[in-house]
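Asks: One structure coming up, written as structure tokens, with questions to follow.
Number of protein chains: 2
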Amino acid sequence: MTAVDPAAPTGRAAKGVPVARRGRRRGETTVAVVARLAGVSAPTVSKVLNGHPGVAAETRERVEQVLREQNYRRPDAVTQAPMLEVAFQALESHLAIEIMRGVAQVAGARQLAVGFTETASAPGWLDQVLRRRPVAVIAVYGAAMRREHARLAASGIPLVALDPTGEPVHSVPSVGAANWNGGLTATRHLLELGHRRIAMIGGPPGFLAARARLDGFRAAMDAAGAPVEASLLRSGTLSYEDGLRHGRDLLALSAPPTAVFCCNDLLALGVYEAARRAGRRVPDDLSVVGFDDLEFARWSGPALTTVRQPLAEMGAAAAELALTLAAGDVPPRLRVELATDLVLRASTASPFAA
Amino acid sequence: MTAVDPAAPTGRAAKGVPVARRGRRRGETTVAVVARLAGVSAPTVSKVLNGHPGVAAETRERVEQVLREQNYRRPDAVTQAPMLEVAFQALESHLAIEIMRGVAQVAGARQLAVGFTETASAPGWLDQVLRRRPVAVIAVYGAAMRREHARLAASGIPLVALDPTGEPVHSVPSVGAANWNGGLTATRHLLELGHRRIAMIGGPPGFLAARARLDGFRAAMDAAGAPVEASLLRSGTLSYEDGLRHGRDLLALSAPPTAVFCCNDLLALGVYEAARRAGRRVPDDLSVVGFDDLEFARWSGPALTTVRQPLAEMGAAAAELALTLAAGDVPPRLRVELATDLVLRASTASPFAA
DNA sequence: CTGAAAGCGCTTACAG
DNA sequence: CTGAAAGCGCTTACAG
Numbered sequence: 523m524t525a526v527d528p529a530a531p532t533g534r535a536a537k538g539v540p541v542a543r544r545g546r547r548r549g550e551t552t553v554a555v556v557a558r559l560a561g562v563s564a565p566t567v568s569k570v571l572n573g574h575p576g577v578a579a580e581t582r583e584r585v586e587q588v589l590r591e592q593n594y595r596r597p598d599a600v601t602q603a604p605m606l607e608v609a610f611q612a613l614e615s616h617l618a619i620e621i622m623r624g625v626a627q628v629a630g631a632r633q634l635a636v637g638f639t640e641t642a643s644a645p646g647w648l649d650q651v652l653r654r655r656p657v658a659v660i661a662v663y664g665a666a667m668r669r670e671h672a673r674l675a676a677s678g679i680p681l682v683a684l685d686p687t688g689e690p691v692h693s694v695p696s697v698g699a700a701n702w703n704g705g706l707t708a709t710r711h712l713l714e715l716g717h718r719r720i721a722m723i724g725g726p727p728g729f730l731a732a733r734a735r736l737d738g739f740r741a742a743m744d745a746a747g748a749p750v751e752a753s754l755l756r757s758g759t760l761s762y763e764d765g766l767r768h769g770r771d772l773l774a775l776s777a778p779p780t781a782v783f784c785c786n787d788l789l790a791l792g793v794y795e796a797a798r799r800a801g802r803r804v805p806d807d808l809s810v811v812g813f814d815d816l817e818f819a820r821w822s823g824p825a826l827t828t829v830r831q832p833l834a835e836m837g838a839a840a841a842e843l844a845l846t847l848a849a850g851d852v853p854p855r856l857r858v859e860l861a862t863d864l865v866l867r868a869s870t871a872s873p874f875a876a
Numbered sequence: 523m524t525a526v527d528p529a530a531p532t533g534r535a536a537k538g539v540p541v542a543r544r545g546r547r548r549g550e551t552t553v554a555v556v557a558r559l560a561g562v563s564a565p566t567v568s569k570v571l572n573g574h575p576g577v578a579a580e581t582r583e584r585v586e587q588v589l590r591e592q593n594y595r596r597p598d599a600v601t602q603a604p605m606l607e608v609a610f611q612a613l614e615s616h617l618a619i620e621i622m623r624g625v626a627q628v629a630g631a632r633q634l635a636v637g638f639t640e641t642a643s644a645p646g647w648l649d650q651v652l653r654r655r656p657v658a659v660i661a662v663y664g665a666a667m668r669r670e671h672a673r674l675a676a677s678g679i680p681l682v683a684l685d686p687t688g689e690p691v692h693s694v695p696s697v698g699a700a701n702w703n704g705g706l707t708a709t710r711h712l713l714e715l716g717h718r719r720i721a722m723i724g725g726p727p728g729f730l731a732a733r734a735r736l737d738g739f740r741a742a743m744d745a746a747g748a749p750v751e752a753s754l755l756r757s758g759t760l761s762y763e764d765g766l767r768h769g770r771d772l773l774a775l776s777a778p779p780t781a782v783f784c785c786n787d788l789l790a791l792g793v794y795e796a797a798r799r800a801g802r803r804v805p806d807d808l809s810v811v812g813f814d815d816l817e818f819a820r821w822s823g824p825a826l827t828t829v830r831q832p833l834a835e836m837g838a839a840a841a842e843l844a845l846t847l848a849a850g851d852v853p854p855r856l857r858v859e860l861a862t863d864l865v866l867r868a869s870t871a872s873p874f875a876a
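Going down the list, the protein sequences come from chains A and B. With the numbering used here as the guide, the letters of the first sequence map in order to residues 523 to 876. With the numbering used here as the guide, the letters of the second sequence map in order to residues 523 to 876.
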């Protein structure tokens, strides 16, 4: 019993799961079984399992389905140096660091490595990830689509979406923030200051989180009996450039808004610049509210009032969720939604002051 | 000054780290090898490995010793995906994302996972890293000290410092930026605009990169015959708060500077805020130059003129260097220093205009 | 793209 | 207690 087990440090998984054994696997689905059920050979199953090329798409799908149905597990799945993979669609995301910090914290406490992938720049990323066999994958902001999900599922690797959409279509467990509420709160704040002509610069059409923020905005406006003019409703990419463009257009209106609610902080900074160029002061001539609360929000001039997404906590929650699924446990809920807060700083004021 | 072009394929780019495989294990100690060295059969080694009964105590000990000597690992442990570990001292570092992007790019092209550690928040990080057996470790901004270096070296894991200091003391291969040159160029720019009373807010004493920037500043001032007044030379942490504090103090001087060169962008943003509070305009009343060129530099108001460190390229160069060392090759040079550029934006102007 | 055959590393069952 | 032989599950190399 006291035998030395040199592999123990790397080999032992976090949870008390039995150590994988190489020989006979009692009652477990084997590659051979999967091959028979899928009507292919063992080598083909092996290729699918490892994301190797040289398998027809149709064959791959059939094998993946059997793999899923039979809940295939690799014999060494448990024995691996456990790691948690985080896939970002694009690293330009200013949210990335905060999220990584949350993930790293949870993973570190569990002695788990954190892997890191930028999907946009690496077309074959999923093959690589499959080869690495992480304990779970966290996909940030749409980094994993339906097809990827299927392949991960086939390999028995749970996927968690860190994504504000909460889109239930994919039925992927997910972590997000209270976007609708954030939009509501931000808008209420502006209404309470006395604003009525409030513009909103929204996000791209397909982005559900942006839609939720917009809906929150509308709800607050409706509740206050404030009209939402079409000319004050803009949308674009969540970028500084689009903030600048829309800000300029809004300020050039014959009846410009007295306040702008921006779908993220980058847009807000673009509006800042538009105001500067138009000779308007924030907040005296124009109130601005952002969304995200990126670190630079409090360093901007004036410090930006914004809706805070708790990104580190979201990362941590995603990691917790992923690890629960990886352990084969059923998480208390498949959708975790964290609260947003309005952070009051110096970019909003009453429209009557000026 | 530029030494490594990450995009350029080296002589044998395909070389790299062996991909994990289930079958053959090249060069790894197998049960068969251990058995031969211990003068027993493979089944006996297997029993020892798994703590099964039916092995004489003496035999067991002999086997265990060989196991240890040969650093035997279970094949599943070997199946671990090769990975490159990046250790950040603190994730708050605003440089982290850019660096990670560069590392991820190189690693992705080589099918390598990128691991991710925040050392400040994880005291036992090195133990964890050693357990993971990364192909190499990249330590960002002082994340690895002399002791860690020794332990990594003992485990045959190469260490690369991504660090502006270029401190030759530890003889750790490193990647940095041309800090002295950056300081010189930034200061020259201000001198050419006509400034003479130029302040500098430097970094903490122990931080050699900050010292290099300061020395570059002095060199430019000396060359121009501009005096460096002690009251215009400040130092502190590389933070917004210290920028604000020193900015306020500098502007309160009876003869305030007409320009400030800041040791990083955060300090510059603090100076912005100090100027706003003092009712001074940038750049009309005060020119400001930063260092780093973080993304938000171009979104600040006014857009910040700053010295760009090519962080992504630095990350990529560090990864290349690390992989070269991991492959057992001798890199062309042990210190890679990438060039810095002055990025002219809207925060500097002639002192005569106002 | 596919799979028969060979092979790998480890374990099991069993004879000595 | 020990190990030759058989076997397991998976992967690789290669011919079709």
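From the three backbone atoms N, C-alpha and C, an ideal C-beta is built for every residue, glycine too.
Scan the region 784-803 of chain B for residues whose Cβ lies nearer than 7 Å to a Cβ of chain A and list them as they occur along the chain.
Replies: The residues in question are 791, 794, 795, 798.
Asks: Looking at the C-beta of residue 619 of chain B, does it have a partner C-beta in chain A at a distance below 7 Å?
Replies: The sequence position of residue 619 of chain B within the second sequence is 97, counting from 1. So, interface residue.
Asks: On the CB-based measure, 16 or more other CB atoms within 10 Å of its CB, does residue 875 of chain A come out buried or exposed?
Replies: Residue mapping note: residue 875 of chain A aligns to position 353 of the first sequence, counting from 1. Exposed, since its Cβ has fewer than 16 Cβ neighbours within 10 Å.
Asks: Less than 7 Å between the C-beta atoms of residue 674 of chain B and residue 659 of chain B, yes or no?
Replies: Here residue 674 of chain B refers to the residue found at position 152 when the second sequence is read from its first residue. Here residue 659 of chain B refers to the residue found at position 137 when the second sequence is read from its first residue. Taking 7 Å as the Cβ cut-off, residue 674 of chain B and residue 659 of chain B qualify as a contacting pair.
Asks: Whose C-beta lies closer than 7 Å to the C-beta of residue 706 of chain B among residues of the same chain, with five residues either side of it excluded?
Replies: For this step, residue 706 of chain B is matched to residue 184 along the second sequence. 738, 741, 742, listed in sequence order.
Asks: Please confirm whether residue 693 of chain A and residue 683 of chain A have their CB atoms less than 7 Å apart.
Replies: Counting from 1 along the first sequence, the entry for residue 693 of chain A is found at position 171. Counting from 1 along the first sequence, the entry for residue 683 of chain A is found at position 161. Cβ distance not < 7 Å, so residue 693 of chain A and residue 683 of chain A don't count as in contact.
Asks: For residue 756 of chain A, which residues of its own chain have a beta-carbon under 6 Å away from its beta-carbon, when the five flanking residues on both sides are left out?
Replies: Counted from its first residue, the first sequence places residue 756 of chain A at position 234. These residues qualify, in order along the chain: 723, 768.
Asks: So, at 7 Å on beta carbons, what are the nonlocal neighbours of residue 794 of chain A in its own chain, with the 5 sequence-adjacent residues on each side left out?
Replies: Translated into the one-based positions of the first sequence, residue 794 of chain A becomes position 272. Answer for residue 794 of chain A: 804, 810, 822, listed in chain order.
Asks: Please classify residue 607 of chain A: is it buried, with 16 or more other beta-carbons within 10 angstroms of its beta-carbon, or exposed?
Replies: On the first sequence, position 85 is the one that residue 607 of chain A refers to. When all chains shown are included, residue 607 of chain A counts as buried.
Asks: Which word fits residue 866 of chain B, buried or exposed, when buried means at least 16 other C-beta atoms lie within 10 angstroms of its C-beta?
Replies: To locate residue 866 of chain B, count along the second sequence from 1; it is residue 344. Exposed is the call here.
Asks: Grab me the residues of residue 760 of chain B's own chain with a C-beta within less than 7 Å of its C-beta, minus the 5 sequence neighbours each way, in chain order.
Replies: Position 238 of the second sequence holds residue 760 of chain B. Cβ within range, chain order: 725, 785, 786, 788, 789.
Asks: What do you get for residue 852 of chain B, buried or exposed, if any count of 16 or more other CB atoms within 10 angstroms of its CB means buried?
Replies: In the second sequence, counting from the first residue as 1, residue 852 of chain B sits at position 330. Exposed is the call here.
Asks: Thinking C-alpha only, which one of A/679, A/562, A/729 is nearest residue 582 of chain A?
Replies: Looking up residue 582 of chain A in the first sequence gives position 60. When only C-alpha atoms are compared, the closest one is A/562.
Asks: Using Cβ-Cβ distances below 8 Å, what residues of the region 617-650 of chain A are close to chain B?
Replies: Against chain B - using a Cβ distance shorter than 8 Å - the residues of the region 617-650 of chain A are 618, 619, 622, 623, 626, 627, 630, 633, 635, 636, 637, 638, 639, 640, 643, 644, 647, 650.
Asks: Unbroken beta strand (DSSP E) runs of length 3 or more, entirely within the region 616-689 of chain A: which are they?
Replies: Whole beta strand (DSSP E) segments, 3+ residues: 635-640, 658-662, 681-684.
Asks: Can you confirm whether residue 863 of chain B, when its beta carbon is compared against all beta carbons of chain A, has any partner nearer than 7 Å?
Replies: Taking the first residue of the second sequence as 1, we reach residue 863 of chain B at position 341. Judged by the 7 Å Cβ criterion, residue 863 of chain B is not in contact with chain A.
Asks: Which ranges does the alpha helix (DSSP H) cover as unbroken runs of at least 4 residues, wholly within the region 730-818 of chain B, from first to last along the chain?
Replies: List check, alpha helix (DSSP H) in window: 730-746, 762-773, 787-799.
Asks: Show which residues of chain B have a CB atom less than 9 Å away from the CB atom of residue 663 of chain A.
Replies: Here residue 663 of chain A refers to the residue found at position 141 when the first sequence is read from its first residue. Under the 9 Å cutoff, chain B gives no residues; its nearest Cβ is about 14 Å from residue 663 of chain A.
Asks: Who does residue 722 of chain A pair with in a DSSP beta bridge?
Replies: Residue 722 of chain A sits at position 200 when you count from the first residue of the first sequence. Paired residue(s): A/755, A/783.
Asks: Please list the partners that residue 818 of chain B has in chain A, where partner means a Cβ-to-Cβ separation under 7 Å.
Replies: By 1-based counting over the second sequence, the position of residue 818 of chain B is 296. Neighbours of residue 818 of chain B on chain A, chain order: 818.
Asks: Could you check if residue 777 of chain A is buried or exposed, using at least 16 other CB atoms within 10 Å of its CB as the buried criterion?
Replies: For the purposes of this step, residue 777 of chain A is identified with residue 255 of the first sequence, where counting begins at 1. Residue 777 of chain A comes out exposed.
Asks: To the nearest angstrom, how far is the alpha carbon of residue 848 of chain A from that of residue 628 of chain A?
Replies: Within the first sequence, the letter at position 326 stands for residue 848 of chain A. Within the first sequence, the letter at position 106 stands for residue 628 of chain A. When rounded, the distance between both Cα atoms is 14 Å.
Asks: Tell me whether residue 831 of chain A is buried or exposed, calling it buried when 16 or more other Cβ atoms sit within 10 Å of its Cβ.
Replies: Residue mapping note: residue 831 of chain A aligns to position 309 of the first sequence, counting from 1. Classification for residue 831 of chain A: buried.
Asks: Where does residue 735 of chain A land, buried or exposed, given buried means 16+ other C-beta within 10 angstroms?
Replies: Position 213 of the first sequence, counted from the start, is the residue given in the question as residue 735 of chain A. So residue 735 of chain A ends up on the buried side.
Asks: To the nearest angstrom, how far is it from the Cα of residue 872 of chain B to the Cα of residue 717 of chain B?
Replies: For the purposes of this step, residue 872 of chain B is taken as residue 350 along the second sequence, with counting starting at 1. For the purposes of this step, residue 717 of chain B is taken as residue 195 along the second sequence, with counting starting at 1. Their Cα atoms are separated by approximately 7 Å.
Asks: In this structure, how does DSSP classify residue 696 of chain A when only helix, strand and coil are distinguished?
Replies: Along the first sequence, one-based indexing puts residue 696 of chain A at 174. Three-state result, residue 696 of chain A: strand.
Asks: One question on the structure: do residue 618 of chain A and residue 860 of chain A come within less than 7 Å of each other, judged by their Cβ atoms?
Replies: Counting from one through the first sequence, the residue named residue 618 of chain A turns up at place 96. Counting from one through the first sequence, the residue named residue 860 of chain A turns up at place 338. Cβ distance not < 7 Å, so residue 618 of chain A and residue 860 of chain A don't count as in contact.
Asks: Within 7 Å of any Cβ in chain A, is that where the Cβ of residue 702 of chain B sits?
Replies: Sequence index remark: in the second sequence, residue 702 of chain B carries index 180 (1-based). Cβ-Cβ to chain A under 7 Å: no for residue 702 of chain B.
Asks: Tell me whether the beta-carbon of residue 609 of chain A lies closer than 7 Å to the beta-carbon of residue 641 of chain A.
Replies: What you label residue 609 of chain A is simply residue 87 of the first sequence in a count that begins at 1. What you label residue 641 of chain A is simply residue 119 of the first sequence in a count that begins at 1. In contact: residue 609 of chain A and residue 641 of chain A (Cβ atoms closer than 7 Å).
Asks: Could you please give the first and the last residue of the uninterrupted alpha helix (DSSP H) stretch that includes residue 579 of chain A?
Replies: Sequence index remark: in the first sequence, residue 579 of chain A carries index 57 (1-based). Start and end: 579-591.
Asks: Strictly by DSSP, which residues pair up with residue 857 of chain A?
Replies: In the first sequence, counting from the first residue as 1, residue 857 of chain A sits at position 335. Bridge partners of residue 857 of chain A: A/696.
Asks: Would residue 754 of chain A and residue 779 of chain A qualify as a contact pair, given that the criterion is a beta-carbon distance under 7 Å?
Replies: Locating residue 754 of chain A in the first sequence gives position 232, counting from the first residue. Locating residue 779 of chain A in the first sequence gives position 257, counting from the first residue. For residue 754 of chain A and residue 779 of chain A, yes; Cβs fall inside 7 Å.
Asks: Please classify residue 593 of chain A as buried or exposed, where buried requires at least 16 neighbouring CB atoms within 10 angstroms.
Replies: The residue given as residue 593 of chain A occupies position 71 in the first sequence. Residue 593 of chain A is exposed by the Cβ-count criterion.
Asks: Per DSSP, residue 863 of chain B forms a beta bridge with which residues?
Replies: Translated into positions along the second sequence, residue 863 of chain B becomes position 341. In the DSSP output, where bridge partners are listed per residue, residue 863 of chain B has B/830.
Asks: Mapping the DSSP letters down to three states, classify residue 528 of chain B as helix, strand or coil.
Replies: Counted from its first residue, the second sequence places residue 528 of chain B at position 6. Confidence is the limiting factor: at residue 528 of chain B the pLDDT is only 32, short of 50, which leaves the residue's position unreliable and the question unanswerable from this model.
Asks: Kindly indicate the opening and closing residues of the alpha helix (DSSP H) around residue 608 of chain B.
Replies: Within the second sequence, numbered from 1, the residue matching residue 608 of chain B stands at position 86. Where residue 608 of chain B is concerned, there is no enclosing alpha helix (DSSP H), although the beta strand (DSSP E) it sits in stretches over 605-610.
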